[in-house]
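Residue numbers (the working numbering), protein chains in the order written: chain A, 1 to 112; chain B, 1 to 112. Think of the CB as a built atom: it goes at the ideal place given N, C-alpha and C, for glycine as much as any other residue.
2 protein chains.
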Amino acid sequence: METNAAVLALSALAQTSRLAVFRALVQAGPAGMAAGRIAEVTGIPPSSLSFHLKELTHAVLAHARQDGRFVIYTAQFDTMDALLGFLTENCCGGNPCASVCAPVCPPSKEPT
Amino acid sequence: METNAAVLALSALAQTSRLAVFRALVQAGPAGMAAGRIAEVTGIPPSSLSFHLKELTHAVLAHARQDGRFVIYTAQFDTMDALLGFLTENCCGGNPCASVCAPVCPPSKEPT
DNA sequence: TCCATATTTCAATAATAATCGAAATATGGA
DNA sequence: TCCATATTTCGATTATTATTGAAATATGGA
């Protein structure tokens, strides 16, 4: 991931509402979540939510697919991966810093 | 790390100049870097740099110590660690996503 | 003390981002 | 076609952040 994309992704996540939205999407997994449901869960009014979803989509952290009358949003896990990789390089790259990896991702947990 | 701190840290990094500054600090390691040197390396004018350094410090991603006439800034690796942990939970937490951890941080490297 | 260097604060401005109601647009079903 | 529901766009407003030169402050050495 190059710097520009990283800044874009970081900006997208650096906002309370959007971080909440992204977390909801991550929890929802690949099945995703309809926009309306996200609004419901987060309490963000539709027009504001739409703005934030566009922002996340633009940063390729979310993806929208139409499903009937609904628009289903999903988290773009690979972008998140790439961002984590970028940040880790910027942190571990030839330096102290440690302990992030082992403890956090336990031995591959099966999604339900 | 709680959400507020995460948003703070993300905001601090979500800006081209600051990301550049933070990278420079990470490269400099625990020895850190004088403000003037950072200005030199990044090409950011002193007053702007000061603003950004304050921002990074406020997010506890950097730390300032006085050394004679210089102010030496260092990266706060532990905060970065915490941020990565937070993001990883928000990504790996019960979901697909993978591959971030194993390859990036090799088998625990002793800090010098 | 006085000077040179290092850094920060001030202040004014410009740029960007967030908020949200109301109106517009899409979609499927009656 | 017509209606109800889902979502987005518009537009006007407010809030926050970034940018920098110039002035202020701090520090060590002559």
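Integer Cβ distance of residue i from residue j, believed to fall under 8 Å
i	j	result
L13(A)	A62(A)	About 11 Å separates the two Cβ atoms, so there is no contact after all.
H52(A)	R18(A)	5 Å
M1(A)	F70(A)	That pair is no contact at about 31 Å.
Partner residues on chain A for residue i, Cβ-Cβ distance less than 7 Å
i	result
S11(B)	A14
Contact list for residue i against chain A, beta-carbon separation under 8 Å
i	result
F22(B)	N90
Residue i, buried or exposed, once every other Cβ within 10 Å from all chains shown has been counted against 16
i	result
A31(B)	exposed
N90(B)	buried
T3(A)	exposed
Contacts of residue i in chain B (Cβ-Cβ under 8 Å)
i	result
T74(A)	Chain B residues near T74(A): none, gap ~11 Å exceeds 8 Å.
Any non-hydrogen atom of the ligand MN within 7 Å of residue i CB
i	result
L8(B)	Looking for the ligand MN in the displayed structure turns up nothing, as the structure carries no ligands at all.
Alpha-carbon spacing of residue i relative to residue j, whole angstroms
i	j	result
G68(B)	A34(B)	11 Å
R37(B)	F77(B)	20 Å
Q66(A)	A39(B)	48 Å
A75(A)	L49(A)	15 Å
Y73(A)	V60(A)	11 Å
G29(A)	A64(A)	13 Å
T16(A)	V41(B)	33 Å
N95(A)	Q27(B)	Only weak support exists for where N95(A) lies, its pLDDT of 49 falling under 50; the coordinates are left without a value.
L10(B)	L10(A)	6 Å
M80(B)	A20(A)	20 Å
I44(B)	F22(A)	33 Å
S47(B)	K54(B)	11 Å
L83(B)	V7(B)	9 Å
Under 9 Å by beta carbon: chain A residues contacting residue i
i	result
V7(B)	L13, A14, Q15, T16 and L19
Within chain B, partners of residue i - CB distance below 9 Å
i	result
M1(A)	Correct list: empty, because the minimum Cβ distance to chain B is about 12 Å.
Cross-chain neighbours of residue i in chain B, by beta carbon under 7 Å
i	result
M33(A)	Ordered by position in chain B, no residue passes the 7 Å Cβ test against M33(A), which lies about 13 Å from the chain.
| Cβ-based contacts, 7 Å cut-off: residues of the region 42-64 of chain A near chain B | none
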